[in-house]
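Protein chains: 4
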Amino acid sequence: MNTFGRNLRITSFGESHGRALGAVIDGCPAGIPLDETDIQPLLDRRRPGTSPLTSARKEADRTEILSGVFEGKTTGMPIAMIFRNTDMKSKDYEALKEVFRPGHADFTYQEKYGIRDHRGGGRSSGRETVGRVAAGAIAMKILARAGITVSGKIHSVHGKTSPKAIKNEILVAQNNGDSVGGIAEIVAKGCPAGLGDPVFGKLDALIAGAMMGIGAVKGVEIGDGFAVAQKYGSENNDAMTKKGFASNHAGGILGGISSGQEIVVRIAVKPTPSIERTQQTRDIHGNVVEISVKGRHDPCIVPRIIPVAEAMLALVLADCWLEQEKYRR
Amino acid sequence: MNTFGRNLRITSFGESHGRALGAVIDGCPAGIPLDETDIQPLLDRRRPGTSPLTSARKEADRTEILSGVFEGKTTGMPIAMIFRNTDMKSKDYEALKEVFRPGHADFTYQEKYGIRDHRGGGRSSGRETVGRVAAGAIAMKILARAGITVSGKIHSVHGKTSPKAIKNEILVAQNNGDSVGGIAEIVAKGCPAGLGDPVFGKLDALIAGAMMGIGAVKGVEIGDGFAVAQKYGSENNDAMTKKGFASNHAGGILGGISSGQEIVVRIAVKPTPSIERTQQTRDIHGNVVEISVKGRHDPCIVPRIIPVAEAMLALVLADCWLEQEKYRR
Amino acid sequence: MNTFGRNLRITSFGESHGRALGAVIDGCPAGIPLDETDIQPLLDRRRPGTSPLTSARKEADRTEILSGVFEGKTTGMPIAMIFRNTDMKSKDYEALKEVFRPGHADFTYQEKYGIRDHRGGGRSSGRETVGRVAAGAIAMKILARAGITVSGKIHSVHGKTSPKAIKNEILVAQNNGDSVGGIAEIVAKGCPAGLGDPVFGKLDALIAGAMMGIGAVKGVEIGDGFAVAQKYGSENNDAMTKKGFASNHAGGILGGISSGQEIVVRIAVKPTPSIERTQQTRDIHGNVVEISVKGRHDPCIVPRIIPVAEAMLALVLADCWLEQEKYRR
Amino acid sequence: MNTFGRNLRITSFGESHGRALGAVIDGCPAGIPLDETDIQPLLDRRRPGTSPLTSARKEADRTEILSGVFEGKTTGMPIAMIFRNTDMKSKDYEALKEVFRPGHADFTYQEKYGIRDHRGGGRSSGRETVGRVAAGAIAMKILARAGITVSGKIHSVHGKTSPKAIKNEILVAQNNGDSVGGIAEIVAKGCPAGLGDPVFGKLDALIAGAMMGIGAVKGVEIGDGFAVAQKYGSENNDAMTKKGFASNHAGGILGGISSGQEIVVRIAVKPTPSIERTQQTRDIHGNVVEISVKGRHDPCIVPRIIPVAEAMLALVLADCWLEQEKYRR
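Residue numbers (this note's numbering), protein chains in the order written: chain A, 454 to 782; chain B, 454 to 782; chain C, 454 to 782; chain D, 454 to 782.
Take a look at the structure:
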């Protein structure tokens, strides 16, 4: 299932070391000014090779818009975008061809399909997200019409929250040939009340599905999230005053529908599974082998996941915003 | 959006104090022995009025199967089930007709639809889940064919994990006219490797959406979940040995596809928003008012959410299991 | 697949001789006045037993609305409706239990599912349409908001078009223990330009799928339909004048999008396959047997298909009308 | 809505004179040998410029597969294919920029979206079908595993059925600066019984939707189609003998499910709306103008629609074949 959304639909395709990756965005309203420069900034933030702390793979990630835009405006037709792979060092992966890297999808893809593109994880690679991010950039342009903005930040890495401590944690992991996990927080501002749709189209359900669908994400919470498990109702309910809600424990969503407050989402990001430290695993023949994953890998994927999570939140919100009017017609 | 699933589809309907609630299950394989007694046990576990610690509303929740079963077996046709409401004390809610109960969907439904069935929360009531649970019971019968079982338990309430401490926490909350939150854990055993579907149909993405779509759930995690944020890759990766995986930090899912290990899901459940303690809120005219929610409410909803969460997990797994064969044809 | 529609979704369930049939309508806008009396008139038109020319089965077809309506208005929640079966003479079908009736779905259901509810055709019975018609009545109430109306009529029976000749053709068939086919024409007036959605959501594609999904329909055409195969472009193109289109060969749809003209649809309806005249067929054991289908059957199903076709057209149009605004936001 | 199918999903994109057209095929089983040469033959049959009787536009229609294939085999991942536009004479269309061509989607696109890519009809151009045909070629490879083949032929043009008369009719139309309509027949052989899914997923309903979604198609019929309207039940029912069905009036589908016989579909194709003969129409300012559509247009589109119709039938059948096993699990 490589299509996501009901009103604004993204279809994603491509593998880490194939010819190209891309996305088709269907359901975009007509008349929105759009060209490649609208998409590049968000893409640049997810791009590897931009800091000593991220993977050294260098991809320009130049968007080519193939359809759906005419004389600088969207036409309501599907917008296809592709990204050519250029810096493909497939040979780096030759040694891993028959080995299941721990923490990766190698084993499960092999079990499910009986065949897999082992080069860089194929479709299970984080590189797949380039299409989602580009689609998210378009979703953000739609949301701008509604006055909605989406932004994310690092919440913590290895339990540390200050920028300096975070940087240090990442360097320590990197120096040890290891990686480290963390939490990202994504916030949407300016959402009107009414987005989301009971029962199975709840805004928080859609967001949770979208976030957990990002590789490396192992947990999602809205508003106070897991902290509610240690609270009383009298602490957790958001009272209302003349001016609106007095607090936002709910994270902007009540009964699956946006309340008009900020929407607050946090995601737990696992340590990058590709590490140089020796690990024990199996190959496709059932032999136990040792593995040290060389190559160009992020010691902490939290920073690069943020634009992906922003993109997914934007896609969900734009989808709901396009849906919203129906019930009042 | 009241339909969920791609291969096994459930459509849910009904309000807390309407004539009846129910569900239609579409896509169920033919030839499965099924009658009302297969459904009742799971329903009985979510039923209110069974303990001093749960709501006193008494509903028999008798399932009536209207279609899709012939001479005791499923026929492949849609299975409709209804549940008549009988113990409806709508007058309890008359006082709340124009007031937005804190922590409830009252405000957001009003904003979205401009109209709402205020009796007992209408469709946003936990009572809506009766249809899902019944559908889940059918999903479990399908899963039994594959050797898969689903079960849940209370993980903690207000941070406490021992049964005695949990009971005490709930009583304390109840005595204070308050409520308390907690965590539930749901596990699936016997899953073959290969369930789930990249990119947007990842098993964990489907589970997260399904769980967060249950009212009162504010967080979802798979395997080690939020704990991964404080770990190194060398700790978090599951090594493989001759016998299979040496650990299960991943919670049975790698790259969105089941690995053959146990699938482990935890959900954060907020304290029931309906509490007797006085709270400040607004009415539909914009006046600030005080509110004390009388009536029959659970001081802790964790126990009754467990069969709902089991049902949703069963629905997701049965859906994926029905999907699974396609890629190997 | 028992669910139809993207924005306005109907889920149909039930068998000819089961406990009840019904439908759930999801996505209906809130605030539309609705009760059972809005639904009955269209249902009454499809009901059997109303004329010597139609089946003698007597079903009151009383709608019971179970959900989605509060104080006489729709709430935006799913509207479930059920119809209890009362006049079930299942014994009439005992003799046919193991025999595949020619022209019916008996053989294909058996092949597909390995099991079938043989009583009255089970789910393949025309009786299944009761839920669709009820849903169509709701769709018509939505369309009324847009000024759109839908109506159908008999175009011809056995090639005859005058009411007297049509009646005669049906009586002749009936007297011969036979049945006869015909054509119905359904028209929608008041459609704004812009309904429908390229490429796979074309209005005519949706209509064709909806119509061909009605049992006994073997052909669908829009506007001039099959007659275009014998025309020149200069004859078939609809010229435009100051006042709009000078003709309507296109049947109100250009490039899959409504043009603002009348939408004109015709469907070819096969002769009812249940006839008293002796036919040769097989039973489930592979034996060749002779069959004479007794019981209560319409000699010509065209009149009773018309409200079903109206309902399906209304469902498609309401779905597209709810979709329409998105592209201009 | 630019995505079609439930199990095998095609997403189509691109405009007549944009950078590229293409399609993404999602849900293809893994392990099928595939490269560009599998796709080219079907594409070549729909290609313009191959005969004096078809449009003179010369497009190589070279497929580039971007993803989903690894070492010559499908991987179960989405297969993206693109087709660069090269022979774009956009200036030919400059004169038509503000004019609504009769019989085209110009008017309805303008009404719906408020903007349109006028160059060659943009997305409403027949050129859009290049992606569908490529997808259909892949569907045919899937069907080959099941022993199913699909083929089409011209049934008639302007009422004539012999090849010589057909050629003559087309030449006459062309010489008059006109165009002419016809009928194509598409047949699937080797279908097992059991494809298709009641009620809204009926095989004939899916086929009808797929066919009517092809531009220029104004009617669809299955088996005897509109001829059933002039028949008695005793003539139309297909009797069964020891060896199977004695006839195939039903066109291989009973109750929406394949019977194991040949599936027979006919489509009515309107005369190409682009003709040199002078027609009256309007421009976007509301002025009545005369128009003569120059450029490179087929006088009869029936031959070039056949591969498109074959592709759509193959897509529907492959989708149903992938679905089929679920009900017997």
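All C-beta atoms in this analysis are idealised placements derived from N, C-alpha and C, irrespective of residue type, glycine included.
Could you tell me whether the Cβ of C/N628 comes closer than 8 Å to any Cβ of chain D?
Judged by the 8 Å Cβ criterion, C/N628 is not in contact with chain D.
What first and last residue would you give for the beta strand (DSSP E) that runs through C/I535?
First-last of the beta strand (DSSP E) with C/I535: I532 to R537.
So what does DSSP say about C/S578, is it helix, strand or coil?
Coil.
Mind checking if B/P482 is an interface residue toward chain A, Cβ cutoff 8 Å exclusive?
False, the Cβ-Cβ gap to chain A never drops below 8 Å.
If you draw a straight line from the alpha carbon of C/T495 to that of C/R580, how long is it in whole angstroms?
Residue identity differs from the one stated: residue 495 of chain C is Leu in this sequence, not Thr. Going by the C-alpha atoms only, they are around 14 Å apart.
Suppose only complete runs of 3+ residues qualify. What are the beta strand (DSSP E) ranges in the region 670-727 of chain C, listed by chain order?
Complete beta strand (DSSP E) runs here, min 3: 670-675 and 716-722.
Measuring alpha carbon to alpha carbon, tell me which residue in D/I716, D/K642, D/P752 and D/R498 is nearest D/T582.
That would be D/R498, whose Cα lies nearest to the Cα of D/T582.
Taking 8 Å as the threshold (C-beta atoms), are C/G635 and C/I706 in contact?
For C/I706 and C/G635, no; Cβs fall outside 8 Å.
If I'm right that D/Q732 touches C/A692 with Cβ under 8 Å, what's the distance once you round it to whole angstroms?
Right, the Cβ-Cβ distance comes to about 6 Å (below 8 Å), so this counts as a contact.
Leaving out five residues before and five after D/T516 in sequence, what residues of the same chain have Cβ atoms less than 7 Å from its Cβ?
Hits under 7 Å: E489, I492, Q493, L496, M534, F536 and A587.
What are the residues in the region 598-625 of chain D lying within 7 Å of chain C by C-beta distance?
Flagged, chain order: S609, H611 and G612.
For chain A, is any of its Cβ atoms less than 8 Å away from the one on D/K594?
No - not a single Cβ of chain A is within 8 Å of the one on D/K594.
C/R459 and C/D772 - do their beta-carbons sit closer together than 8 Å?
For C/D772 and C/R459, yes; Cβs fall inside 8 Å.
I want to know whether the region 708-725 of chain B touches the region 518-533 of chain B - three or more CB-CB distances under 8 Å.
Flag = no, the region 708-725 of chain B and the region 518-533 of chain B do not touch.
Counting only Cβ pairs nearer than 8 Å, list the residues of chain D close to C/P726.
In chain order: G686, N689 and N690.
Could you work out which residue in C/L770, C/I759, C/P555 and C/E776 is closest to C/G605 when comparing CA atoms only?
Closest option to C/G605, Cα to Cα, is C/I759.
Out of B/G484, B/S615, B/H611 and B/I744, which has the shortest C-alpha to C-alpha gap to B/V633?
Per the Cα distances, B/H611.
Nearest to B/L549 by alpha carbon, out of B/A762, B/V755, B/E743 and B/I463?
Nearest option by C-alpha distance: B/E743.
Between the alpha carbons of B/K747 and B/N628, how many angstroms are there, rounded?
One C-alpha to the other measures close to 13 Å.
Should D/T734 be labelled buried (16 or more other beta-carbon atoms within 10 Å of its own) or exposed?
Per the 10 Å Cβ criterion, buried.
Which one of B/M454, B/N455 and B/R462 has the shortest CA to CA distance from B/L768?
The shortest Cα separation from B/L768 among B/M454, B/N455 and B/R462 belongs to B/R462.
Could you tell me whether the region 679-688 of chain A touches the region 680-691 of chain B, using the rule of 3 or more Cβ pairs below 8 Å?
As far as the Cβ criterion goes, the region 679-688 of chain A does not touch the region 680-691 of chain B, which means the pair count is below three.
Is the shortest distance between the beta-carbon of A/P555 and the beta-carbons of chain B less than 8 Å?
Yes, A/P555 lies at the interface with chain B (some Cβ there is under 8 Å from its Cβ).
Hey, would you say the C-beta of B/M534 is under 7 Å away from at least one heavy atom of the ligand PLP?
With respect to the ligand PLP, the structure shown offers nothing to examine, as it has no ligands at all.
Can you tell which of C/G521, C/A626, C/R757 and C/A646 has its C-alpha closest to the C-alpha of B/S469?
When each option's Cα is compared against that of B/S469, the closest is C/G521.
With a CB to CB cut of under 6 Å and the five nearest residues on each side skipped, what residues in its chain are close to B/L659?
Taken in chain order, the residues that qualify are V769.
At the 8 Å Cβ level, is D/S577 part of the contact set with chain E, yes or no?
Judged by its chain identifiers, the structure shown contains no chain E, and its protein chains are A, B, C and D.
Does the beta carbon of B/D772 come closer than 8 Å to any beta carbon on chain A?
False, the Cβ-Cβ gap to chain A never drops below 8 Å.
Would you please verify whether the beta carbon of A/A533 is less than 8 Å from any beta carbon of chain D?
Yes, A/A533 lies at the interface with chain D (some Cβ there is under 8 Å from its Cβ).
Quick check: what's the CA-CA separation for D/R781 versus C/P726?
Only weak support exists for where D/R781 lies, its pLDDT of 49 falling under 50; the value from the coordinates is given anyway. One C-alpha to the other measures close to 28 Å.
Applying a beta-carbon distance threshold of less than 8 Å, which residues of chain A neighbour D/Y566?
Residues of chain A passing the Cβ test: A483, G484, T528 and G529.
Taking Cβ-Cβ distances below 7 Å as the criterion, which residues of the region 745-769 of chain B are in contact with chain A?
Flagged: no residues at all.
Going by Cα to Cα distance, which pick from A/D479, A/F523, A/G475 and A/A473 is closest to D/F457?
Closest option to D/F457, Cα to Cα, is A/D479.
Whose C-beta lies closer than 8 Å to the C-beta of C/D736 among residues of the same chain, with five residues either side of it excluded?
The residues are E551, V552, F553 and V742.
Measuring alpha carbon to alpha carbon, tell me which of D/A699, D/K695, D/R569 and D/R757 ends up nearest D/V722.
Among D/A699, D/K695, D/R569 and D/R757, the Cα nearest to that of D/V722 belongs to D/R757.
Less than 6 Å between C-beta atoms, sequence neighbours within five positions excluded: which residues of the same chain meet that for A/V477?
Excluding sequence neighbours, A/V477 sits near T464, P531 and A533.
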